[in-house]
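I have placed the structure first, in the form of structure tokens, so that the comments after it can refer back to it.
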């Protein structure tokens, strides 16, 4: 697995929380009011990070998936990036410029794109550079939740990833995707359940086909969440 | 669903020192390759010279063989003499002389005797007083053991003995 063996820190940044885990221990968990506060918490931690490199996990509210259906005549990575760029505003409601990542998929099949605001990325790089720290990875925490879920023996048809500010739903049969969306802001369990119910009503998935992973900053109780980033903060539910 | 390797971290740029180090390593590799290439070229040239030398020797050997073969097929300059000597050695000269000594006809004298051992021919020139004596001499020769004699030519003059040439194949 590409993230196993990290000797640095795992940093979580969301619009409602900031957290740091080192060597499978939660060393810092701080609820916040908004993104600016979360960034301030990050800036305060960096001088005392004690590490030269760290992985940065973004919440679903800051890093959003989009499902790109196959488009005839579109070929090449650059063209797919432009298609994804054109969809960001509609999918996320963002107006500011965004950076998009698009996976490579077989022609004629849906593929996933992920968007994050460029200003946020720039700010994160600036903060890290100012403290001589290198981000060895920047990506959505729900992405690692998906990776960990796919390694479990029991798999659902829909994965619901809940974190401090969003509910990200990913679904599909076999290796294909037919669902990739984020509901944000979703700041508590009730809101998450409501969003999930709405999604289930409009899809052919049933509640028993949904498996859930939650990153919670509510308590620091020891959990055995397996090999997933920020594991001390993670709960699984079938 | 499948795993997604989402990545927004910028690719790590190598520090300038690393680029310099890489350049030095590449330059050293290039130099080493250049030296090896030069050494290989030298070796190749030496081998080529060796091949040319061996080819030249082979050609000379071949030429010598051809010459020897040609010589073997050429008759040796003394071969004819040697053969003549060998044939003379086998020529029954004693028998010839004994034959000539046994034939005596009054007035007929052997003037010369030529032996050609290679052809096995004997040419004898005789003087004779008259035709009758010559014919008696020829008959006497042919009555001896040995090859037959024949009269090749005869000259007669009224005032002096005639000469005749008698030939026999031995």
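Protein chains in written order, with the numbering used here: chain B, 18 to 255; chain L, 391 to 560.
Positions of the beta carbon are idealized from the N, C-alpha and C atoms, including for glycine.
Item: Reference residue 146 of chain B; option with closest CA among B:33, B:254, B:71 and B:244; Value: B:71
Item: Where residue 533 of chain L falls: helix, strand or coil (DSSP); Value: coil
Item: Residue closest to residue 559 of chain L, alpha-carbon to alpha-carbon, out of L:537, L:541, L:397 and L:542; Value: L:537
Item: Boundaries of the alpha helix (DSSP H) in which residue 213 of chain B is found, first to last residue; Value: 206-218
Item: Assigned exposure category for residue 551 of chain L - 16 Cβ within 10 Å defines buried; Value: buried
Item: Reduced DSSP secondary structure (H/G/I, E/B, other) of residue 202 of chain B; Value: coil
Item: The stretch 479-497 of chain L touching the stretch 510-528 of chain L, judged by at least three CB pairs closer than 8 Å; Value: yes
Item: Cross-chain neighbours of residue 397 of chain L in chain B, by beta carbon under 8 Å; Value: 118, 154, 155 and 156
Item: Three-way DSSP call (helix, strand, coil) for residue 230 of chain B in this model; Value: strand
Item: Contact belief for residue 175 of chain B with residue 160 of chain B at Cβ below 8 Å, rounded distance in angstroms; Value: With a Cβ gap of about 16 Å, residue 175 of chain B and residue 160 of chain B do not count as contacting.
Item: CB contact below 9 Å: residue 35 of chain B versus chain L; Value: no
Item: Neighbouring residues, chain B, relative to residue 445 of chain L (Cβ below 9 Å); Value: In chain order: nothing, as chain B lies at least about 60 Å away.
Item: Residues, ordered as in the chain, of the stretch 104-132 of chain B that lie near chain L by beta-carbon distance below 8 Å; Value: 116, 118, 120, 129 and 131
Item: Distance CB(residue 101 of chain B)-CB(residue 130 of chain B) smaller than 9 Å; Value: yes
Item: Short Cβ contact (9 Å threshold) for residue 251 of chain B with residue 162 of chain B; Value: yes
Item: Proximal residues of chain L, C-beta to C-beta of residue 144 of chain B below 7 Å; Value: Per Cβ cutoff of 7 Å: no residues; residue 144 of chain B is ~13 Å from chain L at best.
Item: Proximity to residue 123 of chain B [Cα-Cα], best of B:91, B:104 and B:59; Value: B:91
Item: Buried/exposed call for residue 173 of chain B, threshold 16 Cβ in 10 Å; Value: buried
Item: Residue 80 of chain B at chain L interface by Cβ criterion, 9 Å; Value: yes
Item: Endpoints, the alpha helix (DSSP H) within which residue 515 of chain L is located; Value: Here residue 515 of chain L belongs to no alpha helix (DSSP H); instead the beta strand (DSSP E) covers 511-518.
Item: Option nearest residue 135 of chain B by Cα separation, candidates B:155, B:89, B:192 and B:216; Value: B:155
Item: Stretch-stretch touch, CB-based, cutoff 8 Å, three pairs: the stretch 25-37 of chain B with the stretch 48-60 of chain B; Value: yes
Item: Minimum Cβ-Cβ distance from residue 405 of chain L to chain B less than 9 Å; Value: no
Item: CB of residue 213 of chain B within 9 Å of CB of residue 184 of chain B, strictly; Value: yes
Item: CB contact below 9 Å: residue 160 of chain B versus chain L; Value: yes
Item: As assigned by DSSP and simplified to three states, the class of residue 156 of chain B; Value: strand
Item: Beta carbon proximity, residue 402 of chain L to chain B, threshold 9 Å; Value: yes
Item: For residue 552 of chain L: DSSP bridge partner residues; Value: L:518
Item: Where residue 107 of chain B sits in the DSSP three-state scheme; Value: helix
Item: Residue-level contact to chain B via CB, residue 408 of chain L, 9 Å cutoff; Value: no
Item: As assigned by DSSP and simplified to three states, the class of residue 195 of chain B; Value: coil
Item: Cutoff 9 Å: residue 193 of chain B Cβ touching any chain L Cβ; Value: yes
Item: Residue 445 of chain L - DSSP class collapsed to helix/strand/coil; Value: helix
Item: Where residue 556 of chain L falls, given that 16 or more other Cβ within 10 Å makes a residue buried; Value: buried
Item: Beta-carbon proximity of residue 223 of chain B to residue 81 of chain B, cut-off 9 Å; Value: no
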